[in-house]
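Participant: Everything in the sequence shown is counted per the UniProt record's numbering, starting at 1 for the first residue and increasing by one.
The beta carbon of each residue, even a glycine, is placed where N, CA and C say it ideally should be.
Model, not experiment: these values are computed from the prediction.
Please see the structure below; I have some questions.
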Amino acid sequence: PNGFFQLTNIRPGIYFVEISFMGYQTHKIENIEITPAEQEFHAGNISLEPIVLQVEGTEIIAERPAITYEIDKKVINVARQTTSVSGSAVDVLENVPSVDVDIEGNVSLRGSENFTVLIDGRPTILDPSDALQQIPASTIENIEIITNPSARYDPEGISGIINVIIKKKTMRGISGIANMNAGLNDKYGGNFLISSRRGISNMFLSANYRKYAFPGTQTVENITSANDTASYVFSDGQSMRNWNPYGLRAGIDLELGLMDKMS
Numbered sequence: 001p002n003g004f005f006q007l008t009n010i011r012p013g014i015y016f017v018e019i020s021f022m023g024y025q026t027h028k029i030e031n032i033e034i035t036p037a038e039q040e041f042h043a044g045n046i047s048l049e050p051i052v053l054q055v056e057g058t059e060i061i062a063e064r065p066a067i068t069y070e071i072d073k074k075v076i077n078v079a080r081q082t083t084s085v086s087g088s089a090v091d092v093l094e095n096v097p098s099v100d101v102d103i104e105g106n107v108s109l110r111g112s113e114n115f116t117v118l119i120d121g122r123p124t125i126l127d128p129s130d131a132l133q134q135i136p137a138s139t140i141e142n143i144e145i146i147t148n149p150s151a152r153y154d155p156e157g158i159s160g161i162i163n164v165i166i167k168k169k170t171m172r173g174i175s176g177i178a179n180m181n182a183g184l185n186d187k188y189g190g191n192f193l194i195s196s197r198r199g200i201s202n203m204f205l206s207a208n209y210r211k212y213a214f215p216g217t218q219t220v221e222n223i224t225s226a227n228d229t230a231s232y233v234f235s236d237g238q239s240m241r242n243w244n245p246y247g248l249r250a251g252i253d254l255e256l257g258l259m260d261k262m263s
C-alpha cells in the first residue's frame, strides 16, 4: 500500500527498472549494475507524474421526440410535425392520441367536446375548436394534453385540457411570418403573424384561412309500398362539401415581471 518494493536474488549484470501505474506516466531507471561486490541498489523515493489529458469540447446532439410523455400530461413537439410550417393547431392535433378531429375541424378530447383550451396557461373566451383553428401552427412551441387535470385547473365536468404554448419572441421591433400551403382536391390555405415589441409590451395580429373540398359519391335507394302499389326510386351521384374556416386574432401582452404577464 505504501509503494515499497524489494527484489532479491538478482544475478550480476546490468538491468533497468520500469515502473508504471494506471493514470500516471511510466518511470524508467536504466543502467543498474549488480556485481559480486555491489549486490544492492537503492532506488530511493520515486514519484510518478500524473497523465494530463486535454480533450476537445464534446457536442451532444439529440432530436426531441415528436411526443413526450410526462407524469400528468403528454407534450407534442410541434417542430417535429409536418404541419408546423403551415396549418393551424387543429392540423397538429389530428394525429395525436386521445384527440379526434372530424372533417369540419371540430376537435374532441377522449371522445368529448367538453374540454378547455388554454393559451400559455391562460383560458380563452372562444369555443375550444374555434380557438384552436385560429392559432397558426408556425407560432406554436408545444401543445400539452392534460387528460387528468389537477384541482388548480378547476376540472369539474371537463374531459381534459389542451394547453397551447406559443413561441417566445425576445427580439425588439417589428417581426412577422407568413405561410401558404396547397394540396390535392382543391385544398389550400395560408396564415400570417406580425408582432411589434416595444419595452414591456408586445402587440400582435394574426390571421388564417383554409379551403378544404371533400368530394364524394352518394347512392340512394328507396322502396315505398302503399295500397298494393310499390314504387322504387334509385339515385346515384357525386357530392362536394366545402369547408372554409378562417380566423383573426389580435392582442397585446404586457410583461410586468418574470412571472407576471397581462394580456
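Check the DSSP bridge columns for residue 253 and list the partner residues they point to.
Facilitator: Here residue 253 is taken as the residue at index 253 of the sequence shown, counted from 1. Paired residues: 202.
Participant: Between the beta-carbon of residue 163 and the beta-carbon of residue 120, is there less than 9 Å?
Facilitator: Here residue 163 refers to the residue found at position 163 of the sequence shown. Here residue 120 refers to the residue found at position 120 of the sequence shown. In this structure, residue 120 lies closer than 9 Å to residue 163 by Cβ.
Participant: In the DSSP assignment, find the unbroken beta strand (DSSP E) run with residue 127 in it and report its ends.
Facilitator: Position 127 of the sequence shown, counted from the first residue, corresponds to residue 127. That residue, residue 127, is in no beta strand (DSSP E); it is neither H nor E in DSSP.
Participant: Among 220, 126, 19, 11, which residue has its Cα nearest to the Cα of residue 234?
Facilitator: Translated into positions along the sequence shown, residue 234 becomes position 234. Nearest of 220, 126, 19, 11 to residue 234, Cα basis: 220.
Participant: For residue 188 versus residue 103, is the C-beta distance shorter than 9 Å?
Facilitator: Residue mapping note: residue 188 aligns to position 188 of the sequence shown, counting from 1. Residue mapping note: residue 103 aligns to position 103 of the sequence shown, counting from 1. It is not a contact, given that the beta carbons lie outside the stated cut-off.
Participant: Throw me the rounded Cβ distance for the residue 132 and residue 96 pair, which I believe falls under 8 Å.
Facilitator: On the sequence shown, position 132 is the one that residue 132 refers to. On the sequence shown, position 96 is the one that residue 96 refers to. With 8 Å as the limit, residue 132 and residue 96 do not qualify as a contact, their Cβ atoms being about 12 Å apart.
Participant: Would you tell me roughly how many angstroms separate the C-alpha atoms of residue 282 and residue 52, rounded to the nearest one?
Facilitator: Given that the chain is displayed from residue 1 to residue 263, the structure contains no residue 282 and the question cannot be resolved.
Participant: Alpha carbons only, please: which of 116, 208, 27 is nearest the one belonging to residue 134?
Facilitator: The residue you call residue 134 lines up with position 134 of the sequence shown. Ranking the options by Cα distance to residue 134, first place goes to 208.
Participant: Can the beta-carbon of residue 66 be found closer than 9 Å to that of residue 80?
Facilitator: Position 66 of the sequence shown, counting from 1, holds the residue named residue 66. Position 80 of the sequence shown, counting from 1, holds the residue named residue 80. In contact: residue 66 and residue 80 (Cβ atoms closer than 9 Å).
Participant: Taking Cβ positions, are residue 74 and residue 174 nearer each other than 9 Å?
Facilitator: Counted from its first residue, the sequence shown places residue 74 at position 74. Counted from its first residue, the sequence shown places residue 174 at position 174. The answer is no: Cβ separation not under 9 Å.
Participant: Give me the Cα-Cα distance between residue 30 and residue 64, rounded to the nearest whole angstrom.
Facilitator: Position 30 of the sequence shown, counting from 1, holds the residue named residue 30. Position 64 of the sequence shown, counting from 1, holds the residue named residue 64. Whole-angstrom Cα-Cα distance: 58 Å.
Participant: For residue 205 and residue 58, what's the separation of their Cα atoms in angstroms?
Facilitator: Residue 205 sits at position 205 when you count from the first residue of the sequence shown. Residue 58 sits at position 58 when you count from the first residue of the sequence shown. Straight-line Cα distance between these residues: approximately 42 Å.
Participant: If you draw a straight line from the alpha carbon of residue 191 to that of residue 237, how long is it in whole angstroms?
Facilitator: If you number the sequence shown from 1, residue 191 lands on position 191. If you number the sequence shown from 1, residue 237 lands on position 237. For residue 191 and residue 237, the distance between alpha carbons rounds to 35 Å.
Participant: So if DSSP puts residue 36 in a beta bridge, which residue, or which two residues, is it bridged to?
Facilitator: One-based indexing of the sequence shown puts residue 36 at position 36. Partner(s): none; residue 36 has no beta bridge.
Participant: Out of 160, 3, 196, state which residue places its alpha-carbon closest to the alpha-carbon of residue 168.
Facilitator: Position 168 of the sequence shown, counted from the first residue, corresponds to residue 168. Of the listed residues, the one whose Cα sits closest to residue 168 is 196.
Participant: Please determine, among 158, 15, 138, the residue with the shortest C-alpha to C-alpha distance to residue 176.
Facilitator: The count along the sequence shown starts at 1 and reaches residue 176 at position 176. That would be 138, whose Cα lies nearest to the Cα of residue 176.
Participant: Per DSSP, residue 181 forms a beta bridge with which residues?
Facilitator: One-based indexing of the sequence shown puts residue 181 at position 181. Per DSSP, 189.
Participant: Residue 149 to residue 94, Cα distance in whole Å?
Facilitator: Here residue 149 is taken as the residue at index 149 of the sequence shown, counted from 1. Here residue 94 is taken as the residue at index 94 of the sequence shown, counted from 1. Residue 149 and residue 94: Cα-Cα distance of roughly 21 Å.
Participant: For a quick check, are the C-beta atoms of residue 166 and residue 140 less than 9 Å apart?
Facilitator: Taking the sequence shown and counting its residues from 1, one reaches residue 166 at position 166. Taking the sequence shown and counting its residues from 1, one reaches residue 140 at position 140. Closer than 9 Å, so yes.
Participant: Looking at the unbroken beta strand (DSSP E) that takes in residue 109, where does it start and where does it end?
Facilitator: The sequence position of residue 109 within the sequence shown is 109, counting from 1. Counting along the chain, the beta strand (DSSP E) containing residue 109 begins and ends at 107-109.
Participant: May I ask you to list the residues that DSSP assigns as paired with residue 100?
Facilitator: Here residue 100 is taken as the residue at index 100 of the sequence shown, counted from 1. Answer is 108, bridged to residue 100.
Participant: Among 27, 21, 39, 194, which has the Cα closest to the Cα of residue 9?
Facilitator: Along the sequence shown, read from residue 1 onward, the residue named residue 9 stands at position 9. Answer by Cα proximity: 39.
Participant: Would you call residue 122 buried or exposed, if buried means 16 or more other Cβ atoms sit within 10 Å of its Cβ?
Facilitator: Counting from 1 along the sequence shown, the entry for residue 122 is found at position 122. Exposed, because fewer than 16 other Cβ atoms sit within 10 Å of the Cβ of residue 122.
Participant: Reducing DSSP to helix, strand and coil, say where residue 147 ends up.
Facilitator: Within the sequence shown, residue 147 is the residue found at index 147, counting from 1. Note: residue 147 maps to coil in three-state DSSP.
Participant: Report all residues from its chain with a CB closer than 8 Å to the CB of residue 128; omit the five preceding and five following residues, and keep chain order.
Facilitator: The sequence position of residue 128 within the sequence shown is 128, counting from 1. Excluding sequence neighbours, residue 128 sits near 107, 113, 115, 116, 117, 162.
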